[in-house]
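**Q**
Numbering (my numbering), first residue to last: 9 to 287.
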């Protein structure tokens with residue numbers, strides 16, 4: 009397969025890297041990033057490759073259906089950038105596919121990001137728990153809730169990602185339905201915390217109504233805490249809500265409970281009773 013130079017003028021995005029396409033050799037794609045070069049490989053067995061068309065114009069998709077979004081773990085959100093300056097050093101959007109050629113019609117569409125947000129946000133609206141708040145974590149193909157033991161459990165890192173997604177979708181589209189979903193999700197997430205000795209720490213697992221889960225871990229995990237802060241930060245960016253700002257500040261201060269004062273860096277977890285790090 010021959011590629012023209014315009015492919016190198018397009019930009020690649022994925023869950024972990026984003027930058028300019030520098031070189032393509034077969035299924036290997038070299039991408040220049042802020043941290044140097046990264047290698048992507050999309051071979052014939054790649055799930056993403058099955059949804060891609062590769063031609064002289066670069067990478068683009070065709071006929072992605074809702075079922076594809078579910079079957080591929082809802083990572084099929086394509087984000088294209090016209091200029092390198094548009095690429096942010098931090099990007100909390102759920103992404104997957106790698107790139108478009110610069111002449112692709114989708115890149116020329118100024119509303120592309122809004123269209124993408126509608127694809128995902130509208131699909132996940134039915135996962136909201138209208139009675140208790142938050143989102144269901146166990147979803148069947150097609151978007152319906154899975155039933156059974158422990159299927160109603162709520163996980164804070166899933167709640168926070170949904171909060172970030174609905175908040176960002178509202179920012180892009182102005183759709184009040186997404187704002188209402190973000191409000192409901194944020195209220196549940198704010199209840200999924202413990203306040204101990206002035207610290208605010210997010211729990212990982214809750215019952216459907218938001219109360220403590222009897223099988224929850226005896227530890228507080230830093231990745232859960234950081235996920236929750238990420239969701240609240242995106243919500244605050246969309247709403248400027250004062251209560252959310254206060255939660256963020258307290259949550260950031262509480263991150264220092266995980267800090268290793270001797271060797272620097274952070275521990276993965278702290279004890280829920282003593283609040284001391286677990287080496």
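Glycine residues also receive a C-beta, built at the ideal position from the N, C-alpha and C atoms.
#1: Contact check, residue 178 vs residue 187 under 8 Å by CB: the rounded distance?
#2: Start and end of the alpha helix (DSSP H) containing residue 189?
#3: Between which residues of its own chain and residue 81 is the CB-CB distance below 6 Å, once the five residues before and five after are set aside?
#4: Throw me the rounded Cβ distance for the residue 236 and residue 259 pair, which I believe falls under 8 Å.
#5: Touching or not, the region 127-134 and the region 193-200, by the rule of three or more beta carbon pairs under 8 Å?
#6: With DSSP as the reference, label residue 219 as helix, strand or coil.
#7: According to DSSP, is residue 270 helix, strand or coil?
#8: DSSP three-state label for residue 275, please.
#9: Would you tell me roughly how many angstroms separate the C-alpha atoms of residue 101 and residue 253, rounded to the nearest one?
#10: Alpha carbon to alpha carbon, what distance is there between residue 136 and residue 234?
#11: Just tell me which of 139, 209, 286, 275 has its CA closest to the CA of residue 256.
#12: What are the partner residues of residue 285, as DSSP defines its beta bridges?
#13: Could you check which residue in 279, 138, 283, 142 has the C-alpha nearest to that of residue 226?
#14: Hey, how far is the Cα of residue 229 from the Cα of residue 241?
#15: DSSP three-state call for residue 144: helix, strand or coil?
#16: I'd like the list of long-range same chain contacts for residue 166, defined as Cβ closer than 8 Å, with 5 residues on each side in sequence excluded.
#17: Which value, in whole angstroms, describes the spacing of the CA atoms of residue 174 and residue 164?
#18: Please go through the same chain and pick out, in chain order, the residues whose beta-carbon is closer than 7 Å to the beta-carbon of residue 266, but skip the five residues on each side of it.
#19: Taking the alpha-carbon of residue 268 as reference, which of 205, 287, 261 has the nearest alpha-carbon?
#20: With DSSP as the reference, please indicate the residues paired to residue 202 in a beta bridge.
#21: Grouping DSSP H, G and I as helix and E and B as strand, with all else coil, what is residue 160?
**A** With the structure as the only source:
#1: 4 Å
#2: 184-199
#3: Because the pLDDT at residue 81 is just 25, under 50, the model does not fix this residue reliably, and the value given afterwards should be weighed accordingly. So the list is empty, once near-sequence residues are dropped.
#4: 7 Å
#5: no
#6: coil
#7: coil
#8: coil
#9: Here the model assigns residue 101 a pLDDT of 30, short of 50, so the residue's position is not dependable and the matter cannot be decided.
#10: 22 Å
#11: 209
#12: 278
#13: 279
#14: 19 Å
#15: coil
#16: 143, 145
#17: 15 Å
#18: 230, 274, 275, 278, 285
#19: 287
#20: 209
#21: coil
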